[in-house]
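Chains as they are written, first to last, in numbering that gives the first Met the number 0: chain A, 0 to 415; chain B, 0 to 79.
The beta-carbon is built from N, C-alpha and C at its ideal position, and this holds for glycine as well.
Below is one structure, written out as structure tokens; comments come after it.
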Amino acid sequence: MTYATCLACRECGREFPLEPLHVCDFCFGPLEVAYDHDGIQSKITRERIESGPRSIWRYIDLLPVDEDFIVDLNVGWTPLLKADRLAERLGMRELWIKNDTCNPSWSFKDRVVAVASSRARQLGFQTLACASTGNLANSVSAHAARAGMEAIVFIPHDLEAGKVLGSAVYNPTIVSVNGSYDDVNRLCSELADNRHWAFVNINVRPYYAEGSRTLAYEVAEQLGWRAPRQVVAPMASGSLFTKIHKGFQEFQEYGLIEESPVRMIGAQAEGCSPITTAWRNETTNIRPVKPNTIAKSLAIGNPADGYYALKTMKRTDGGSTAVTDPEVVEGIQMLAECEGVFAETAGGVTIAGLRQAIETGQIDPDETTVAFITGGGLKTADAVVEHVTQPIPVEGTLQSFEDAFAEAPQAVGVGG
Amino acid sequence: MATRRVRFTFEGDAVKEPVIYLVGHEFEVVTNIRMADVEHDFGWVVLELDGDHDEIDRALAWVEAKGVRIDPVAGDVVES
Chain A
0 MTYATCLACR ECGREFPLEP LHVCDFCFGP LEVAYDHDGI QSKITRERIE
50 SGPRSIWRYI DLLPVDEDFI VDLNVGWTPL LKADRLAERL GMRELWIKND
100 TCNPSWSFKD RVVAVASSRA RQLGFQTLAC ASTGNLANSV SAHAARAGME
150 AIVFIPHDLE AGKVLGSAVY NPTIVSVNGS YDDVNRLCSE LADNRHWAFV
200 NINVRPYYAE GSRTLAYEVA EQLGWRAPRQ VVAPMASGSL FTKIHKGFQE
250 FQEYGLIEES PVRMIGAQAE GCSPITTAWR NETTNIRPVK PNTIAKSLAI
300 GNPADGYYAL KTMKRTDGGS TAVTDPEVVE GIQMLAECEG VFAETAGGVT
350 IAGLRQAIET GQIDPDETTV AFITGGGLKT ADAVVEHVTQ PIPVEGTLQS
400 FEDAFAEAPQ AVGVGG
Chain B
0 MATRRVRFTF EGDAVKEPVI YLVGHEFEVV TNIRMADVEH DFGWVVLELD
50 GDHDEIDRAL AWVEAKGVRI DPVAGDVVES
């Protein structure tokens, strides 16, 4: 049985039942799941977790879902790679890559949707819904298929066909909204109030957001039950960023890892960096922006959790970065060339942000650092297609090969 | 009757205009402010609007034409 007890307002603290609610009726602050900490404390141990499944559900004691309702696509327990070659290139001593490209629909969204869809099932919903331009829709469609639920996905009318495919294959209902990005926002916010659908990041958002904590749990466990000293994570709404920190804090509170501070560094693309801009201006007032970046998965101009992300940075002596689109591409290439991990543009933001954080002194290169790679590169192949190695054309003869190979700039000396 | 929860973001000269007062004056809409933070050249207000659905739409279109950004209280819900 879940140890979730209620939803609590992050602003005024008022409590609400565990229902599909996301905003406090009194002050309109965001709601967050609250837990019976004593109950969790009495039950949770390293051994109990280690004996669980190799997925996010090994942490079910810490999630707002009862076991009978789990929608299981085997999400999570993704690799934590020691990135020695990339560390050397960046002048770091110990760098780890949390590779969440290995999830079932190739992004970290599977973590949040797994929890949201499971809780939605527990709440009696038959339909999962979302507004999305990519990763979220892919994951909602996949989880609905797995659960035997209906899926309704709202997309802007001008979304590229390739991005629709990753959802369409699971046969959801896809609604193409003839309007701007803001129009889709408004329509879905209204529908979430009027329809008995579980909009994963609207009316069941408090449960959805909880899934991100599993990233921190896994990292701590995979590091041998310890927290890293520093973290670099991409920021869109800011929710992932704050929940990663919360995850490390919880493990410390439950005595699963030793108490040690984790410095949280956020990464955004310059073309959509409202949180970093506020950080640099030393204000918690976030000014919404119109996104203009190749890092589409981070293109949230009005981030719902930006204020809380800023508070997390301040509390952890952290920081925030913003990188240009060419730097994003460089980041993707560096990660791929050094570590064999092909990330989407958000991963490029993370790696370029890591480099910027080192250059600006926000990160100590001698401390243990984890960088979170949140989505697979094939999702945003267009961003790098012009920048990658081109084939060497040859005829089917040895001479043709020898001539071309000798002149190719990237040719390597192959023994024998 | 309908209820809409929205966030107004004001920048520049829009901060100085009594936009919320005028919404209640010019339209059959009741405004109820729940949270706000306003600085000299920037501010946001989270409020509830009560009224006929179409009248709220008209009021919001008028507010937007004044240069005020309008968002759902939950922020952007369209994610990648």
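Would residue i pass as an interface residue toward chain E - the criterion being a Cβ-Cβ separation below 8 Å?
{"i": "Phe240 of chain A", "result": "Within the model displayed, chain E is absent; protein chains A and B are what it includes."}
Less than 8 Å between the beta carbons of residue i and residue j, yes or no?
{"i": "Ile69 of chain A", "j": "Ser117 of chain A", "result": "yes"}
{"i": "Ile243 of chain A", "j": "Leu214 of chain A", "result": "yes"}
{"i": "Gly486 of chain A", "j": "Ile362 of chain A", "result": "This structure leaves residue 486 of chain A out entirely; chain A is present only between 0 and 415."}
{"i": "Ser54 of chain A", "j": "Gly28 of chain A", "result": "no"}
{"i": "Thr275 of chain A", "j": "Ala321 of chain A", "result": "yes"}
{"i": "His21 of chain A", "j": "Arg212 of chain A", "result": "no"}
{"i": "Leu186 of chain A", "j": "Val176 of chain A", "result": "yes"}
{"i": "Val28 of chain B", "j": "Val62 of chain B", "result": "no"}
{"i": "Lys81 of chain A", "j": "Ile372 of chain A", "result": "no"}
{"i": "Thr228 of chain A", "j": "Thr315 of chain A", "result": "Note on identity: in this sequence residue 228 of chain A is Arg, with Thr being the wrong assignment. Contact flag unset, no."}
{"i": "Ala115 of chain A", "j": "Tyr34 of chain A", "result": "no"}
{"i": "Thr344 of chain A", "j": "Thr379 of chain A", "result": "yes"}
{"i": "Thr126 of chain A", "j": "Ile154 of chain A", "result": "no"}
{"i": "Phe9 of chain B", "j": "Val76 of chain B", "result": "no"}
{"i": "Ser140 of chain A", "j": "Pro103 of chain A", "result": "no"}
To the nearest angstrom, how far is it from the Cα of residue i to the Cα of residue j?
{"i": "Arg225 of chain A", "j": "Gly374 of chain A", "result": "25 Å"}
{"i": "Gly415 of chain A", "j": "Thr396 of chain A", "result": "For Gly415 of chain A, the predicted structure reports a pLDDT of 43, less than 50, and the residue's modelled location is therefore unreliable. A value from the coordinates is still provided. If I take the Cα positions, the gap works out to 18 Å."}
{"i": "Ser319 of chain A", "j": "Ile264 of chain A", "result": "5 Å"}
{"i": "Thr2 of chain B", "j": "Gly360 of chain A", "result": "48 Å"}
{"i": "Asn284 of chain A", "j": "Leu17 of chain A", "result": "30 Å"}
{"i": "Glu46 of chain A", "j": "Glu78 of chain B", "result": "37 Å"}
{"i": "Val288 of chain A", "j": "Arg9 of chain A", "result": "24 Å"}
{"i": "Val393 of chain A", "j": "Asp402 of chain A", "result": "9 Å"}
{"i": "Ala35 of chain B", "j": "Cys26 of chain A", "result": "10 Å"}
{"i": "Glu149 of chain A", "j": "Asp83 of chain A", "result": "44 Å"}
{"i": "Glu47 of chain B", "j": "Arg13 of chain A", "result": "19 Å"}
{"i": "Met0 of chain A", "j": "Asp60 of chain A", "result": "8 Å"}
Kindly indicate the opening and closing residues of the alpha helix (DSSP H) around residue i.
{"i": "Glu16 of chain B", "result": "No alpha helix (DSSP H) holds Glu16 of chain B; DSSP gives it neither H nor E."}
{"i": "Leu437 of chain A", "result": "With chain A covering 0 to 415 only, the question about residue 437 of chain A has no answer from this structure."}
{"i": "Met312 of chain A", "result": "305-314"}
{"i": "Val328 of chain A", "result": "324-338"}
{"i": "Leu164 of chain A", "result": "160-167"}
{"i": "Leu353 of chain A", "result": "344-358"}
Let me know the secondary structure DSSP gives residue i once reduced to three states.
{"i": "Ser188 of chain A", "result": "helix"}
{"i": "Phe26 of chain B", "result": "coil"}
{"i": "Leu30 of chain A", "result": "strand"}
{"i": "Gly414 of chain A", "result": "Model confidence at Gly414 of chain A stands at a pLDDT of 47, short of 50, so the residue's coordinates are unreliable; what they give is reported in the following sentence. Note: Gly414 of chain A maps to coil in three-state DSSP."}
{"i": "Thr213 of chain A", "result": "helix"}
{"i": "Lys289 of chain A", "result": "coil"}
{"i": "Arg53 of chain A", "result": "coil"}
{"i": "Cys101 of chain A", "result": "helix"}
{"i": "Pro233 of chain A", "result": "strand"}
{"i": "Ile39 of chain A", "result": "helix"}
{"i": "Ile201 of chain A", "result": "coil"}
{"i": "Trp196 of chain A", "result": "coil"}
What are the boundary residues of the beta strand (DSSP E) that includes residue i?
{"i": "Gly50 of chain B", "result": "41-50"}
{"i": "Ala115 of chain A", "result": "No beta strand (DSSP E) contains Ala115 of chain A, which is instead part of the alpha helix (DSSP H) from 108-121."}
{"i": "Thr151 of chain A", "result": "With the sequence shown as reference, residue 151 of chain A is identified as Ile, and Thr is not the correct amino acid for it. First-last of the beta strand (DSSP E) with Ile151 of chain A: 149-155."}
{"i": "Leu127 of chain A", "result": "126-131"}
{"i": "Ser399 of chain A", "result": "Per DSSP, Ser399 of chain A belongs to no beta strand (DSSP E); it is in the alpha helix (DSSP H), 397-406."}
What does residue i reach in chain B if we use C-beta pairs closer than 7 Å?
{"i": "Tyr180 of chain A", "result": "Val77"}
{"i": "His195 of chain A", "result": "Correct list: empty, because the minimum Cβ distance to chain B is about 18 Å."}
For a contact defined as C-beta to C-beta under 8 Å, what are the partners of residue i on chain B?
{"i": "Phe27 of chain A", "result": "Arg4, Arg33, Met34, Val45, Glu47, Val72"}
Determine the chain A residues that contact residue i at a beta-carbon separation under 7 Å, and present them in chain order.
{"i": "Arg68 of chain B", "result": "Pro287"}
Determine the chain B residues that contact residue i at a beta-carbon separation under 9 Å, and present them in chain order.
{"i": "Ser138 of chain A", "result": "Under the 9 Å cutoff, chain B gives no residues; its nearest Cβ is about 10 Å from Ser138 of chain A."}
{"i": "Thr132 of chain A", "result": "Val77, Glu78, Ser79"}
At a CB-CB cut-off below 8 Å, which residues of chain A make contact with residue i?
{"i": "Thr30 of chain B", "result": "The premise fails here: Thr30 of chain B is roughly 13 Å from chain A at the closest Cβ pair, so nothing lies under 8 Å."}
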